[in-house]
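Colleague: A single structure is presented below for examination.
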Amino acid sequence: MWIPSSLKKLIENLRKLPGIGERSAYRIAYFLIKYRDVLNDIVDSLEEVDENVTLCKICHGFAEGKDICPICEDERRDAGILCIVEKPEDVFIVESAGLHGWKYHVLGGLLSPVKGVTPDKLNIFDLRDRIKNENFKEIVIALNPNIEAEATANYLIDLLEDMNVVISKIAIGLPQGADIALLDPYTIKESIKGRRRVK
Numbered sequence: 002m003w004i005p006s007s008l009k010k011l012i013e014n015l016r017k018l019p020g021i022g023e024r025s026a027y028r029i030a031y032f033l034i035k036y037r038d039v040l041n042d043i044v045d046s047l048e049e050v051d052e053n054v055t056l057c058k059i060c061h062g063f064a065e066g067k068d069i070c071p072i073c074e075d076e077r078r079d080a081g082i083l084c085i086v087e088k089p090e091d092v093f094i095v096e097s098a099g100l101h102g103w104k105y106h107v108l109g110g111l112l113s114p115v116k117g118v119t120p121d122k123l124n125i126f127d128l129r130d131r132i133k134n135e136n137f138k139e140i141v142i143a144l145n146p147n148i149e150a151e152a153t154a155n156y157l158i159d160l161l162e163d164m165n166v167v168i169s170k171i172a173i174g175l176p177q178g179a180d181i182a183l184l185d186p187y188t189i190k191e192s193i194k195g196r197r198r199v200k
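Whatever position you read off the sequence shown (first residue = 1), add 1 for the numbering used here.
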């Protein structure tokens with residue numbers, strides 16, 4: 002079956018996106034060809050994101066147009082609590098629960114010796130300095146319930162053992178291997194309110 006090479010390339014690139022299989026990629030590609038205004042809007046948005054969205058040099062979450070994100074700049078936030086998450090998008094998930102008073106630290110992944118992800122490949126080593134400099138009193142570990150997250154949480158607990166901070170983990174009512182992104186805001190809020198102290 003002949004397909005224009007540029008369209009074929011678009012389909013191949015769409016398949017690289019999470020949750021997009023071959024059929025979905027074809028449907029999206031044909032839709033974009035049919036509705037050029039939508040295609041152009043998406044192209045503009047992608048260029049804008051590429052130019053403006055970076056990672057915050059403090060928390061490693063998303064920033065736009067500068068080195069520090071609005072959350073880290075917000076002096077009204079409770080500087081006493083630092084919430085540790087895996088990915089930048091997890092910050093928005095926790096925020097969606099209406100908990101807008103905390104600060105965050107994004108690890109950028111989870112420890113996995115099998116995949117070659119060691120502590121030096123994550124945003125871990127600046128964590129101790131950040132806790133000292135910003136005088137956090139509680140560290141909330143909000144990671145997905147899976148083996149790699151558990152290993153990462155245990156590593157963090159050991160790393161921060163000698164620091165004068167309370168460490169707690171959120172109580173997620175999800176099966177092993179599930180994703181925090183699947184939770185609704187109410188469940189996230191209850192999971193955080195019901196967090197358990199581990200140190």
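For glycine and all other residues, C-beta sits at the position ideal for the given N, C-alpha and C.
Bear in mind that the values here come from a model prediction, so they are computed numbers and not experimental data.
(1) From which residue to which residue does the alpha helix (DSSP H) around Ile59 run?
(2) Just to confirm before moving on: does the CB-CB distance between Gly117 and Lys88 stay below 9 Å?
(3) Sort Phe137, Arg37 and Pro19 by Cα distance to Asn165 and report the nearest one.
(4) Is the Cβ-Cβ distance between Cys60 and Lys122 less than 9 Å?
(5) If you draw a straight line from the C-alpha of Ser6 to the C-alpha of Leu144, how long is it?
(6) How big is the Cα-Cα spacing for Ile158 and Arg129?
(7) Between the alpha carbons of Pro120 and His106, how many angstroms are there, rounded?
(8) Have a look at Ile34 and Val115 and give me their C-alpha separation to the nearest angstrom.
(9) Taking the straight line between their C-alpha atoms, what separation do you get for Glu23 and Ile168?
(10) In the DSSP assignment, find the alpha helix (DSSP H) that holds Ile34 and state where it starts and stops.
(11) Would you decide whether Ala64 is buried or exposed? Buried here means 16 or more other CB atoms lie within 10 Å of its CB.
(12) Can you grab the Cα-Cα spacing for the pair Glu76 / Ile21, in whole Å?
(13) Is it true that the CB of Lys58 sits closer than 9 Å to the CB of Asp68?
(14) Report whether the distance from the Cβ of Glu65 to the nearest heavy atom of the ligand ADP is below 8 Å.
(15) Return the first residue and the last residue of the alpha helix (DSSP H) that Cys73 is part of.
(16) For Glu151, which of Ala172, Val92 and Ile132 has the nearest alpha-carbon?
(17) Going by alpha carbons, who is nearest to Leu160 out of Lys170, Ile181, Leu8 and Phe126?
Modeller: Let me spell this out:
(1) As a working note, residue 59 is residue 58 in the sequence shown. No alpha helix (DSSP H) contains Ile59, which DSSP labels as neither H nor E.
(2) Here the question's residue 117 lines up with position 116 in the sequence shown. Here the question's residue 88 lines up with position 87 in the sequence shown. Cβ atoms of Gly117 and Lys88: not closer than 9 Å.
(3) The residue labelled residue 165 in the question sits at position 164 within the sequence shown. Nearest to Asn165 by alpha-carbon distance, out of Phe137, Arg37 and Pro19, is Phe137.
(4) Residue 60 sits at position 59 when you count from the first residue of the sequence shown. Residue 122 sits at position 121 when you count from the first residue of the sequence shown. Against a cut-off of 9 Å, the Cβ pair of Lys122 and Cys60 comes out as no contact.
(5) As a working note, residue 6 is residue 5 in the sequence shown. As a working note, residue 144 is residue 143 in the sequence shown. If you draw a straight line from the Cα of Ser6 to the Cα of Leu144, it comes to about 42 Å.
(6) Position 157 of the sequence shown holds residue 158. Position 128 of the sequence shown holds residue 129. Rounded to whole angstroms, the separation of the alpha carbons of Arg129 and Ile158 is 11 Å.
(7) Here residue 120 refers to the residue found at position 119 when the sequence shown is read from its first residue. Here residue 106 refers to the residue found at position 105 when the sequence shown is read from its first residue. So the alpha carbons of these two residues sit roughly 15 Å apart.
(8) By one-based count along the sequence shown, residue 34 stands at place 33. By one-based count along the sequence shown, residue 115 stands at place 114. Straight-line Cα distance between these residues: approximately 42 Å.
(9) Within the sequence shown, the letter at position 22 stands for residue 23. Within the sequence shown, the letter at position 167 stands for residue 168. Going by the C-alpha atoms only, they are around 44 Å apart.
(10) To locate residue 34, count along the sequence shown from 1; it is residue 33. First-last of the alpha helix (DSSP H) with Ile34: Glu23 to Lys35.
(11) In the sequence shown, residue 64 corresponds to position 63, counting from 1. Burial call: buried.
(12) For this step, residue 76 is matched to residue 75 along the sequence shown. For this step, residue 21 is matched to residue 20 along the sequence shown. Whole-angstrom Cα-Cα distance: 40 Å.
(13) Translated into the one-based positions of the sequence shown, residue 68 becomes position 67. Translated into the one-based positions of the sequence shown, residue 58 becomes position 57. In contact: Asp68 and Lys58 (Cβ atoms closer than 9 Å).
(14) Ligands are entirely absent from the displayed structure, and the ligand ADP is therefore not among its contents.
(15) As a first step, residue 73 is located in the sequence shown; it is residue number 72 there, counting from the start. Looking at the DSSP string, the run of the alpha helix (DSSP H) that includes Cys73 is Pro71 to Glu74.
(16) Taking the sequence shown and counting its residues from 1, one reaches residue 151 at position 150. Out of Ala172, Val92 and Ile132, Ala172 has the C-alpha closest to the C-alpha of Glu151.
(17) The residue you call residue 160 lines up with position 159 of the sequence shown. Closest by alpha carbon: Phe126.
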